[in-house]
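J.: Residue numbers (the working numbering), protein chains in the order written: chain A, 2 to 394; chain B, 2 to 394.
Glycine included, each C-beta is placed from N, C-alpha and C at the ideal position.
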């Protein structure tokens with residue numbers, strides 16, 4: 002049967018037999034699957050770039066709309082680091098994370114397209130990850146392997162096969178979702194007709210790897226981490242919250258943080274009033290980041306955070322494929338490249354480098370937003386005209 | 002007596018009686034103090050902005066050269082966050098951290114000037130800090146109070162009194178050292194004739210506070226931290242090393258890290274070869290940051306890192322003084338403002354804002370260096386002509 006999970010728990014997944022009929026309504030217990038409902042499919046063993054394989058892999062996904070007769074209207078929206086498959090609201094009316102982009106009447110119009118989103122392997126929203134049961138019945142935990150973005154793309158191709166989608170009308174995403182989309186266009190050129198790569202470049206740079214290392218260490222150094230085998234006991238909440246704080250600083254711009262918080266003290270707290278350092282009050286920006294940390298702790302698994310972060314560290318479209326130009330020469334998709342002008346994590350220059358190396362003349366559509374990297378989520382509406390005119394024409 | 006310590010240990014300080022004769026050669030056991038040797042002086046109880054006072058405060062300092070008859074040739078060089086008083090080599094010939102700036106024949110010519118450097122209160126290089134003995138004989142540890150940069154400036158003024166220096170020829174520093182110099186010029190306008198503020202602005206911004214919070218949390222969440230009372234047992238080395246990694250990323254530029262390390266694997270290690278995530282090899286930039294972390298752990302106290310970092314969070318020249326223009330109106334020094342063009346921690350725009358608000362026409366001297374913030378240390382030589390012509394004329 003197909004079960005639905007909220008996006009705030011790590012489910013013990015009951016796997017479907019993978020049966021899915023074109024049209025995307027996986028018939029299970031006789032009832033059609035509702036839009037924006039998590040479904041599960043088993044895609045078998047997954048060979049890994051890093052060596053070995055991950056057995057009996059489950060992918061969790063959601064769909065909206067209807068796949069047409071010739072299966073030509075399918076759009077894959079790839080989520081970012083801690084994102085979920087809930088791109089836009091479904092019949093449950095639970096708000097999605099990219100409603101400016103996908104939904105009835107949106108650029109990725111769910112009245113016209115069959116929109117699919119797949120939870121990344123290693124995550125905690127239903128696809129096989131560190132919190133899933135290994136063959137011995139215990140959670141993978143410390144034993145979970147490195148699953149690169151290229152590995153996860155291969156897994157997603159098998160789901161596409163099961164859905165009867167031989168070629169996507171479009172594959173797109175922002176940040177890590179953009180890296181996943183780009184990997185799709187390079188690995189399976191014949192299966193991607195349009196590719197949207199937003200707020201990320203062709204590979205993770207040294208600085209991006211450096212910030213990622215700090216985040217994974219913050220979790221690994223949590224006294225509750227226990228090498229990754231913490232599912233029986235207390236979980237490394239403080240470490241995950243610190244990782245999120247570090248990440249969140251890079252998701253915003255210095256200007257935005259200063260404009261919103263400046264040097265203000267949090268409510269009644271006094272950063273300068275204290276007998277001892279540990280007792281001092283917080284600045285507003287500290288309280289804000291504490292809140293960002295707690296919010297993630299409430300909805301995400303620390304091992305999954307590490308697994309996906311290290312997958313993103315592995316992002317390199319050129320690995321084993323030659324120069325960037327040579328690598329991209331194999332692509333046949335029409336590309337839509339966008340960047341946020343104030344992004345200080347994935348610099349617009351990286352998007353420009355990618356666009357310049359792509360076959361043909363490819364523009365970089367610039368989102369003007371003071372917020373920084375997160376502008377790809379909050380300000381995608383700025384590109385509405387370009388997306389409708391060029392991409393989803 | 003005066004004792005000398007290496008810059009890699011936390012000394013149990015034996016305090017002098019503070020006797021120092023003009024000329025800067027503190028006569029203790031009858032022998033003149035050698036250039037570049039740590040000396041100690043007791044400046045009594047220190048009232049604190051945050052409330053209360055720190056009793057019986059010791060300041061550690063070094064001097065080079067000779068104070069002239071009218072005590073008019075004294076230059077105070079303030080160190081940065083984890084810096085020491087060893088600005089340049091002394092008779093021991095141990096290399097200093099800013100030899101391009103100070104030394105025989107350097108802009109701050111020790112053959113001509115009496116150069117002084119003072120270890121910040123809260124540090125671990127001889128001045129009273131969390132590892133020092135409190136009145137009860139135990140280390141301050143968790144009980145160490147917040148000592149703001151303004152507090153530490155007041156302490157340094159008492160040392161200047163004891164050295165017979167009523168007014169400095171110049172006070173200057175980079176990064177936190179620049180904040181300390183600026184605080185001197187605003188708190189004691191009549192005592193600072195020239196002020197050099199390099200690679201820092203008038204206050205710590207929300208983003209700078211945010212990165213600082215992540216660093217202090219990395220230490221506080223170390224299982225060995227024990228609330229700050231760890232001196233009897235194992236010390237929070239992992240937490241301090243993580244704090245340093247986070248900080249070091251912000252000290253360099255994305256371009257520099259990418260140019261030096263790119264996505265290269267460390268030596269024989271393989272970031273993509275591993276059965277389990279925890280076993281994967283490192284990227285070069287990870288190994289580089291691991292090394293930066295270990296180096297600091299070998300020479301710095303974790304509580305001092307927190308104490309000074311929170312002092313830097315408190316950096317706000319305007320606190321209790323009105324607008325930036327009003328605050329700076331009281332200064333009488335000639336200012337030398339400089340910034341590194343690629344600094345992504347203390348943005349050149351903050352130096353410009355400071356220069357624009359200062360009385361008179363003040364330029365911002367730009368250091369052109371791809372390295373980022375650390376350029377103030379490595380590339381100060383670029384400003385040699387300006388420093389000699391304008392500042393140390």
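#1: With distance defined between alpha-carbon atoms, name the residue in A/379, A/205, A/135 nearest to residue 286 of chain B.
#2: What's the call for residue 30 of chain B, buried or exposed, on a 16-neighbour Cβ count within 10 Å?
#3: Got a sec? Which residues, its chain only, sit under 6 Å from residue 325 of chain B by beta carbon, not counting five neighbours each side?
#4: Going along chain B in order, which residues have a C-beta closer than 9 Å to the C-beta of residue 50 of chain A?
#5: Does the count of Cβ pairs from the region 183-195 of chain A and the region 225-243 of chain B closer than 8 Å reach three?
#6: What do you reckon, are the CB atoms on residue 199 of chain B and residue 175 of chain B nearer than 7 Å?
#7: What residues in its chain sit with their C-beta under 7 Å from that of residue 363 of chain B, if we drop five residues either side in the sequence?
#8: Among A/55, A/62, A/53, which has the Cα closest to the Cα of residue 41 of chain A?
#9: From which residue to which residue does the beta strand (DSSP E) around residue 304 of chain B run?
#10: Return the residues of the region 132-152 of chain A that lie within a Cβ-Cβ distance of less than 8 Å from chain B, sorted by chain order.
#11: Counting only beta-carbon atoms, is residue 322 of chain A nearer than 7 Å to chain B?
#12: Work out the CA separation of residue 280 of chain A and residue 300 of chain A for me, nearest whole Å.
#13: Between A/135, A/169, A/131, which lies nearest to residue 74 of chain A when the distance is taken from Cα to Cα?
#14: Kindly indicate if chain A contains any beta-carbon less than 7 Å away from that of residue 11 of chain B.
#15: Grab the span of the alpha helix (DSSP H) containing residue 294 of chain A for me, first residue to last.
#16: Would a check of beta-carbon distances place residue 262 of chain B closer than 7 Å to chain A?
#17: Report the CB separation of residue 38 of chain A from residue 104 of chain A in whole angstroms; it is logged as a contact under 8 Å.
#18: Residues of the region 282-296 of chain B in Cβ contact with chain A at a cutoff of 7 Å, in chain order, please.
#19: For the region 224-252 of chain B, enumerate the residues whose C-beta is nearer than 8 Å to any C-beta of chain A, in chain order.
#20: For residue 8 of chain B, collect the residues of the same chain with a Cβ closer than 7 Å to its Cβ; drop the 5 residues on either side in sequence, then sort them by chain order.
#21: Helix, strand or coil: how does DSSP classify residue 62 of chain A here?
#22: Residue ranges of each beta strand (DSSP E) run of no fewer than 3 residues wholly in the region 81-115 of chain A, ordered along the chain?
#23: Establish whether the CB of residue 215 of chain B and some CB of chain A are separated by less than 7 Å.
#24: Under 7 Å between C-beta atoms, does residue 82 of chain B make it to chain A?
#25: Ignoring anything shorter than 4 residues or poking outside the region 137-211 of chain B, list the alpha helix (DSSP H) runs there in chain order.
#26: Who are the neighbours of residue 53 of chain B on chain A, taking C-beta pairs under 7 Å?
#27: Give the single residue among A/113, A/72, A/238, A/65 whose Cα lies nearest to the Cα of residue 94 of chain A.
#28: Measure the beta-carbon distance from residue 207 of chain A to residue 263 of chain B and round it to whole angstroms, keeping in mind my assumption that it falls under 8 Å.
#29: With distances taken from CA atoms, which of A/114, A/367, A/247, A/394 is nearest residue 383 of chain A?
#30: Does the beta-carbon distance from residue 312 of chain A to residue 149 of chain A come in below 7 Å?
#31: Could you give the first and the last residue of the continuous beta strand (DSSP E) run that contains residue 41 of chain B?
#32: Could you name the residues that DSSP lists as bridge partners for residue 55 of chain A?
#33: Who are residue 366 of chain B's beta bridge partners in DSSP?
#34: Starting from residue 259 of chain A, find everything on chain B with Cβ-Cβ shorter than 8 Å and list it in chain order.
#35: Mind checking if residue 267 of chain B is an interface residue toward chain A, Cβ cutoff 7 Å exclusive?
#36: Taking DSSP as the reference, what is the three-state secondary structure of residue 1 of chain A?
T.: Taking the geometry as given:
#1: Position 285 of the second chain, counting from 1, holds the residue named residue 286 of chain B. Ranking A/379, A/205, A/135 by Cα distance to residue 286 of chain B puts A/205 first.
#2: What you label residue 30 of chain B is simply residue 29 of the second chain in a count that begins at 1. Because residue 30 of chain B carries a pLDDT of 46, less than 50, the predicted location of this residue cannot be relied on, and the following value inherits that uncertainty. The residue is exposed, with fewer than 16 neighbouring Cβ atoms inside 10 Å.
#3: By 1-based counting over the second chain, the position of residue 325 of chain B is 324. Answer for residue 325 of chain B: 203, 319, 358, listed in chain order.
#4: For the purposes of this step, residue 50 of chain A is identified with residue 49 of the first chain, where counting begins at 1. The contacting residues are 273.
#5: no
#6: To locate residue 199 of chain B, count along the second chain from 1; it is residue 198. To locate residue 175 of chain B, count along the second chain from 1; it is residue 174. Yes, these two residues count as a Cβ contact at 7 Å.
#7: Taking the second chain and counting its residues from 1, one reaches residue 363 of chain B at position 362. Apart from sequence neighbours up to five positions away, the residues of its chain that approach residue 363 of chain B with a beta-carbon distance below 7 Å are 336, 338, 356, ordered along the chain.
#8: Counting from one through the first chain, the residue named residue 41 of chain A turns up at place 40. Considering only alpha carbons, the answer is A/62.
#9: Mapped onto the second chain, residue 304 of chain B falls at position 303. Looking at the DSSP string, residue 304 of chain B is not in any beta strand (DSSP E); the run it does join, the alpha helix (DSSP H), is 303-314.
#10: 143, 144, 145, 146, 147, 149
#11: Position 321 of the first chain, counted from the first residue, corresponds to residue 322 of chain A. By this cut-off, residue 322 of chain A is not an interface position.
#12: Mapped onto the first chain, residue 300 of chain A falls at position 299. Mapped onto the first chain, residue 280 of chain A falls at position 279. Cα to Cα, the separation comes out at about 29 Å.
#13: As a position in the first chain, residue 74 of chain A is number 73, starting the count at 1. The candidate whose alpha carbon is nearest that of residue 74 of chain A is A/169.
#14: What you label residue 11 of chain B is simply residue 10 of the second chain in a count that begins at 1. Residue placement at residue 11 of chain B is poorly supported in this model, since its pLDDT is 35, which falls under 50; the coordinates are not used for a value here.
#15: Here residue 294 of chain A refers to the residue found at position 293 of the first chain. Unbroken alpha helix (DSSP H) run through residue 294 of chain A: 285-298.
#16: To locate residue 262 of chain B, count along the second chain from 1; it is residue 261. Taking Cβ atoms only, chain A reaches closer than 7 Å to residue 262 of chain B, which makes this a yes.
#17: Mapped onto the first chain, residue 38 of chain A falls at position 37. Mapped onto the first chain, residue 104 of chain A falls at position 103. Wrong, their Cβ atoms sit about 15 Å apart, outside the cutoff.
#18: 284, 286, 287, 290
#19: 224, 228, 229, 239, 240, 243, 246, 247, 250
#20: For the purposes of this step, residue 8 of chain B is taken as residue 7 along the second chain, with counting starting at 1. With a pLDDT of 36 at residue 8 of chain B, under the threshold of 50, the modelled position of this residue cannot be trusted; read the value that follows with caution. Excluding sequence neighbours, residue 8 of chain B sits near 85, 87, 126, 300.
#21: Position 61 of the first chain holds residue 62 of chain A. Strand at residue 62 of chain A.
#22: Runs found: none.
#23: Against the second chain, residue 215 of chain B aligns to sequence position 214. At least one chain A Cβ lies under 7 Å of residue 215 of chain B.
#24: What you label residue 82 of chain B is simply residue 81 of the second chain in a count that begins at 1. Output row for residue 82 of chain B: interface = no.
#25: If you keep only unbroken alpha helix (DSSP H) runs of at least 4 residues inside the region 137-211 of chain B, you get 150-164, 177-188.
#26: Here residue 53 of chain B is taken as the residue at index 52 of the second chain, counted from 1. The contacting residues are 276.
#27: Numbered from its first residue, the first chain carries residue 94 of chain A at position 93. Considering only alpha carbons, the answer is A/65.
#28: Here the question's residue 207 of chain A lines up with position 206 in the first chain. Here the question's residue 263 of chain B lines up with position 262 in the second chain. With a Cβ gap of about 6 Å, residue 207 of chain A and residue 263 of chain B count as contacting.
#29: Sequence index remark: in the first chain, residue 383 of chain A carries index 382 (1-based). Of the listed residues, the one whose Cα sits closest to residue 383 of chain A is A/367.
#30: Along the first chain, one-based indexing puts residue 312 of chain A at 311. Along the first chain, one-based indexing puts residue 149 of chain A at 148. Contact flag set, yes.
#31: Within the second chain, numbered from 1, the residue matching residue 41 of chain B stands at position 40. Residues 40-48.
#32: One-based indexing of the first chain puts residue 55 of chain A at position 54. DSSP lists A/47 as partners of residue 55 of chain A.
#33: The residue labelled residue 366 of chain B in the question sits at position 365 within the second chain. Answer is B/339, bridged to residue 366 of chain B.
#34: Translated into positions along the first chain, residue 259 of chain A becomes position 258. What residue 259 of chain A touches in chain B: 206, 207, 208.
#35: Your numbering for residue 267 of chain B matches position 266 in the second chain. Taking Cβ atoms only, chain A never reaches closer than 7 Å to residue 267 of chain B, which makes this a no.
#36: Residue 1 of chain A falls outside the range modelled here, since chain A spans only 2 to 394, and no answer is possible.
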